[in-house]
Every structure is written in C-alpha cells, then in structure tokens.
Amino acid sequence: MTYQRIGAIKTVAEFRELLDGLGLELPVDDHPLSAVEGSPLAQPLQVDDFTVGNRWCVHPMEGWDGTTDGQPSEHTIRRWQHFGQSGCKLIWGGEAFAVTHEGRANPNQLCYSKENVESMRQLLHTLEDAHRERFGANATDDLLVGLQLTHSGRFCRPNSKTQLEPRIAYHHPLLDPKFGIEPADDSVLLTDDDLKHLTDAYVDSARMARDVGFRFVDVKACHGYLMHEFLSAFDRPGPYGGDILGRTRFLRETIDAVRSECPELMIGVRLSVFDRPPYHPDPALTGGGKFGPGIPGETTGLDYPGFGCLRNNPLIIDLTEPIRVIRMLADEHGVSLFNISCGSPYYNPHIQRPAFYPPSDGYQPPEDPLIGCVRQINTVNDLKQALPDIPLVGTAYSYFQEYLPHVAQAVVRAGWVDSVGIGRLVLSDWELPAKVLAGDDYRAAKKICRTFSDCTTAPRNGIISGCFPLDEYYKDSPEAEQLKQAKASLREKLSTDVR
Ligand SMILES: Cc1cc2nc3c(=O)[nH]c(=O)nc-3n(C[C@H](O)[C@H](O)[C@H](O)COP(=O)(O)O)c2cc1C
Ligand code: SF4
8 MTYQRIGAIK
18 TVAEFRELLD
28 GLGLELPVDD
38 HPLSAVEGSP
48 LAQPLQVDDF
58 TVGNRWCVHP
68 MEGWDGTTDG
78 QPSEHTIRRW
88 QHFGQSGCKL
98 IWGGEAFAVT
108 HEGRANPNQL
118 CYSKENVESM
128 RQLLHTLEDA
138 HRERFGANAT
148 DDLLVGLQLT
158 HSGRFCRPNS
168 KTQLEPRIAY
178 HHPLLDPKFG
188 IEPADDSVLL
198 TDDDLKHLTD
208 AYVDSARMAR
218 DVGFRFVDVK
228 ACHGYLMHEF
238 LSAFDRPGPY
248 GGDILGRTRF
258 LRETIDAVRS
268 ECPELMIGVR
278 LSVFDRPPYH
288 PDPALTGGGK
298 FGPGIPGETT
308 GLDYPGFGCL
318 RNNPLIIDLT
328 EPIRVIRMLA
338 DEHGVSLFNI
348 SCGSPYYNPH
358 IQRPAFYPPS
368 DGYQPPEDPL
378 IGCVRQINTV
388 NDLKQALPDI
398 PLVGTAYSYF
408 QEYLPHVAQA
418 VVRAGWVDSV
428 GIGRLVLSDW
438 ELPAKVLAGD
448 DYRAAKKICR
458 TFSDCTTAPR
468 NGIISGCFPL
478 DEYYKDSPEA
488 EQLKQAKASL
498 REKLSTDVR
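Sequential numbering of the sequence shown, starting at 8, is according to the working numbering.
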C-alpha cells in the first residue's frame with residue numbers, strides 16, 4: 008500500500024484535500040504565525056504557579072548513548088543543548104532516566120546512582136545555558152524543565168543490548184510469547200514488596216532531580232513500560248491489580264511518596280491513554296526486501312488486558328478509565344500536568360509514532376500515518392473537553408512535517424490541546440519552533456523530519472540513536488556505516504523470506 012508523501016504536497020489546500028480524502032477532520036491554518044503576529048503557540052501556559060513561556064514542548068527523546076554507568080555522554084549533552092535551543096518553553100523530561108540499574112531499557116540509558124548526580128546537574132545546566140545564550144539572560148524564567156523517571160518493566164535490558172531481563176506486573180497473553188517470557192515463569196513477576204522498594208527508588212531520583220534544579224518529575228506511565236503495564240493488571244491478585252484503584256495503586260503511591268519527600272517539585276505524568284494489541288507484519292505480504300503491512304495479534308475470545316480500550320475488542324478506544332485516572336491524579340494526588348501518548352514503540356509503533364518508513368523491527372504502515380496522528384490529536388481533544396482545567400500536552404505531530412505549524416497553532420487556538428509536543432522533529436530540526444515564532448522561513452534548512460525511522464532502527468540494532476539522514480553529526484559518523492550494514496542485512500533476510 009502506498010500513501011501520499013507529505014513532502015510532495017505543495018500547498019495547504021492540497022494538504023487539506025488529503026485530510027478530507029481520508030475522512031479526517033482537523034483544523035489547519037493557512038499560514039504559520041509568528042509571536043508578533045499573535046500566534047496561539049506564543050501564548051503562555053499556566054501550570055500551578057509557574058508560567059510556561061509558550062505552547063511548544065520538547066518530548067522526552069533518549070539516545071541510547073549514555074555511559075554504561077548511566078551518565079550523559081557527549082552525544083547526550085549535544086542533544087540537551089538542542090532542546091535548550093529549540094525555543095520550546097516546556098521540556099518534558101529530557102529523556103527516560105531509569106530509577107535503578109535493573110530498570111534500564113538498555114545498558115546506555117541514563118540512570119540513578121549517587122555518583123551520577125553531578126553529571127545530571129551539568130546536563131541540566133547545559134540545556135539552560137543554551138537556552139539563555141539563544142534567547143537572552145532571563146529566558147529561563149519561563150522555561151519549565153522536568154526529568155522523566157522510569158522503570159522499563161517488560162523491556163529491561165540493563166546489562167546487554169540483546170538480552171531482555173524482564174520484570175513484569177502480570178503475565179500477558181500476547182506479549183509474553185512475543186518477548187520470550189514463559190507463562191509459567193513467575194520469577195519475572197514483581198512482588199508487592201518489590202514495588203515498595205521501587206517507590207523508594209523513584210523518591211531517590213526525584214530528590215536528586217529537585218536538588219540539581221529540575222522543576223518537575225514525570226512519573227512515566229506509557230509505552231508498555233512498568234508503570235503503564237500496571238494500568239492493565241486486571242488479573243494480578245492483591246492490592247496492585249484488579250479494579251482501577253488497584254491498578255493505579257503503584258502509580259499513586261509513588262506519586263504520593265515523591266510529593267511528600269519533595270513538596271517543591273511539580274509532578275507530571277506521561278500517560279499512554281489507550282493500548283492496542285501487538286502488531287506484526289502480514290506474513291503473506293512479507294518478502295522482496297520488505298515487511299508486509301502490520302496486522303494485529305489475534306484477540307478473539309480473550310478478555311484482553313488493555314488500558315483505555317474495550318477488553319472484548321481492544322481495537323476500540325474507551326477513554327472512560329483514562330479520564331477517571333487523570334481526574335483522580337490531578338485532584339487527589341496533586342499531579343500538575345499530563346503528556347498524552349498511546350501504545351508502545353515495541354509492539355505497535357504505527358500507533359505511537361506514525362511514520363512513512365517503518366523501523367527495522369516493524370511492519371509497513373497498515374494505515375496512512377496521518378490517520379495515526381489525527382487519532383492521537385482527537386483523543387487529546389476528547390480528554391480536553393472532559394478535563395478542561397488540566398494542562399495536557401499532545402503527541403504525534405512530527406509526521407505533519409511542513410504543515411506541523413499550521414496544525415499546531417490551529418489546534419491550540421481551538422482549545423484541543425494546551426501544548427504541542429515534538430519528538431522526532433527535534434532530532435532533525437531542533438530550531439524549528441524558534442524559527443516559526445520568529446517568523447523565519449522554517450523550511451529553508453531542509454531538515455524537516457521525514458520519518459525515516461533511523462533514530463529507532465539504530466538503537467534496535469545496538470547503535471546510538473540520532474537523525475542519521477539529516478543531521479551531519481550522525482550522517483558522517485562511524486555508526487552511520489554500521490546502520491547501513493544493519494539495514495542491508497535486514498533487506499537481504501527479507502528478500503529470502505518466502506512470500
Ligand atoms: C529516538 C526516540 C527516542 C525516544 N525516547 C523517548 C523517551 O525517552 N521517553 C518517552 O516517553 N518517549 C520517547 N520517545 C517517544 C517520543 O517522545 C514521541 O512520543 C514520539 O516520537 C512521537 O512523537 P513525534 O511524532 O513528534 O516523533 C522516543 C522516540 C524516539 C523516536
Ligand atoms: S532519523 Fe531523522 S528523519 Fe528519520 S525519523 Fe528520526 S528524526 Fe526523523
């Protein structure tokens with residue numbers, strides 16, 4: 008199946024026609040506005056008593072490029088400098104920071120230890136200095152920077168890039184076989200006691216974040232990682248599973264513990280508000296150097312354990328519980344802001360980060376990627392209508408490419424979302440928000456992310472992440488050659504697969 012490439016669309020009218028043709032309703036402005044022209048994206052956003060300078064946000068973007076003891080490397084530092092230069096006034100988390108070594112998603116993920124505190128302070132200062140250098144001496148007064156705290160749960164690989172060392176909330180009927188977990192192996196299940204220790208680890212990291220100067224921490228609950236997995240632990244016996252209070256208990260206890268130890272810190276939650284079953288390439292259409300389009304795993308007859316979707320048909324979104332959870336976290340647990348995401352990059356990447364080209368462990372997009380973007384935007388709009396007083400950041404805007412500013416300012420003006428987050432785009436063209444707000448030509452540099460997925464394919468093959476196609480720093484690196492080889496051997500493997 009082929010889809011219209013966004014880069015080939017010449018006018019806003021054509022872009023609107025494409026959306027119409029796909030049956031998608033989305034506000035799109037004729038022209039991007041600068042701050043001086045009154046762009047909705049230049050409006051401040053109030054989060055508790057902090058005034059965030061504008062409506063652009065940098066999503067957390069990790070690089071699989073820290074040192075093995077969990078400190079930032081020169082690549083990490085460069086990326087955080089770019090976050091500071093982006094012009095975005097909300098820096099959501101920087102990147103996933105593991106609260107324990109065992110909870111790391113890869114042996115190069117940043118992680119907590121007493122020895123790493125100073126390097127995290129330096130990393131934050133690098134970002135803030137870059138922001139001040141670019142935007143003026145007082146520019147950090149309205150810059151809100153948080154640190155994303157995580158435990159990777161089912162997707163832990165703390166010691167080897169190729170060896171999963173899962174710690175799970177419950178045995179999952181489709182994810183266990185997909186990721187090599189024996190259904191009878193209870194050694195990988197976290198006990199209630201383990202969770203108490205993990206909550207302490209979140210508090211240690213939060214204390215560090217506060218001491219080095221972060222204004223908030225994100226207690227990450229998305230993308231299939233541990234805190235997110237608990238939200239669908241319907242069948243876990245005991246206090247941390249079952250009904251919605253049980254399934255959110257680990258998250259709520261952790262937030263409460265962080266708040267009580269660090270009352271000065273604001274708390275955010277990045278939340279996957281709907282799950283989908285794992286997808287795999289259609290075997291009948293795989294071959295000739297290419298994966299087939301993605302098809303969902305079979306869930307007929309299962310009471311599927313998903314959050315934000317119907318249990319008897321997990322392809323259908325149901326926001327009843329996500330709305331209840333967000334309201335409860337905000338009103339009863341003092342969570343100040345939410346970053347809305349969905350799905351998981353490991354088993355349904357087209358849902359979570361719509362792309363024209365799939366990552367190496369993916370499948371061809373089963374739908375026009377625009378459908379995936381608009382699904383996320385509509386979902387945030389639905390949440391916004393139900394929760395008008397709670398600040399929400401939206402996700403999946405990079406795929407709009409040239410038309411990202413047109414969509415972003417229109418949805419903020421329409422009140423569909425409070426802040427527009429950018430993920431992949433910030434790797435390829437980190438100054439785009441600043442250029443848009445200044446009224447400069449944001450297309451001239453020709454660095455707009457085309458969703459080639461190399462930044463995902465590289466780490467899937469044990470290589471550091473980065474924008475290999477468009478950022479000279481990576482384009483000319485030795486890792487670019489490794490990536491080329493990894494992609495070539497995948498193509499060869501797929502060519503020999505029987506259709
Ligand atoms: C290379 C890469 C690294 C990422 N790292 C993180 C991360 O550390 N934490 C997180 O919550 N999401 C992470 N994400 C997901 C992004 O924050 C974002 O949700 C996703 O890319 C979709 O937004 P986009 O369409 O603007 O790229 C990552 C995505 C990519 C491609
Ligand atoms: S490698 Fe670059 S162009 Fe490709 S998806 Fe990542 S950021 Fe975008």
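We put the beta carbon where it would ideally sit given N, CA and C, even for glycine.
No experiment lies behind these values; they were computed from the predicted model shown.
Can you determine whether any heavy atom of ligand 2 sits closer than 8 Å to the C-beta of L272, and answer yes or no? no
Beta-carbon distances below 6 Å to any heavy atom of ligand 2 define the shell here; list its residues in chain order, please. R431, L434, S435, C456, R457, T458, F459, S460, D461, C462, C474, F475, P476 and L477
Which of helix, strand or coil does DSSP assign to K297? strand
Supposed contact pair W63 and K414 - C-beta distance, whole angstroms, cut 8 Å: The question names Lys, but residue 414 in the sequence shown is Val. Not confirmed; about 13 Å, so no contact.
Helix, strand or coil, according to DSSP, for L25 in the structure here? helix
Could you tell me the distance, in whole angstroms, from the CA atom of W437 to the CA atom of D193? 44 Å
In its own chain, which residues sit with a C-beta less than 7 Å from the C-beta of A393, not counting the 5 before and 5 after it? I330
Relative to the C-alpha of P290, which candidate in D282, F281, G301 and R283 has its C-alpha closest? G301
What does DSSP give as the partner residue(s) for G143 in the beta ladder? In the DSSP output, where bridge partners are listed per residue, G143 has none listed.
Any non-hydrogen atom of ligand 1 within 8 Å of S426 CB: no
Entirely enclosed alpha helix (DSSP H) segments - the region 29-92, minimum 4 residues: 81-92
From V419, D478, T464 and A105, residue whose alpha carbon lies closest to that of L40: V419
Taking the straight line between their C-alpha atoms, what separation do you get for L501 and Q492? 14 Å
Own chain partners of Y410 with C-beta closer than 8 Å, once the 5 adjacent residues on each side are dropped: I13, I16, V19, F22 and V35
Counting only beta-carbon separations shorter than 9 Å, does H340 have a partner in chain B? Protein chains in the displayed structure number just one, and chain B is not present.
For a test of the three-state rule: what should DSSP assign to L434, helix, strand or coil? helix
Out of P79, L344 and K494, state which residue places its alpha-carbon closest to the alpha-carbon of D368. K494
Three-state secondary structure (DSSP) at G253? helix
Keeping to the same chain, check which residues put their C-beta closer than 6 Å to that of R506; ignore five residues upstream and five downstream. Because R506 carries a pLDDT of 41, less than 50, the predicted location of this residue cannot be relied on, and no value is offered for it.
Inter-residue CB distance, V124 and M215 (contact presumed, cutoff 8 Å): 5 Å
In this structure, does DSSP put P157 in helix, strand or coil? Just to set this straight, residue 157 is Thr in the shown sequence, not Pro. Note: T157 maps to strand in three-state DSSP.
Return the Cβ separation of F298 and P365 in integer angstroms, given the expectation that the two are a contact with Cβ distance under 8 Å. 6 Å
Drop a sphere of 10 angstroms on the beta-carbon of V43, count the other beta-carbons inside from all chains shown, and report buried for 16 or more, exposed for fewer. exposed
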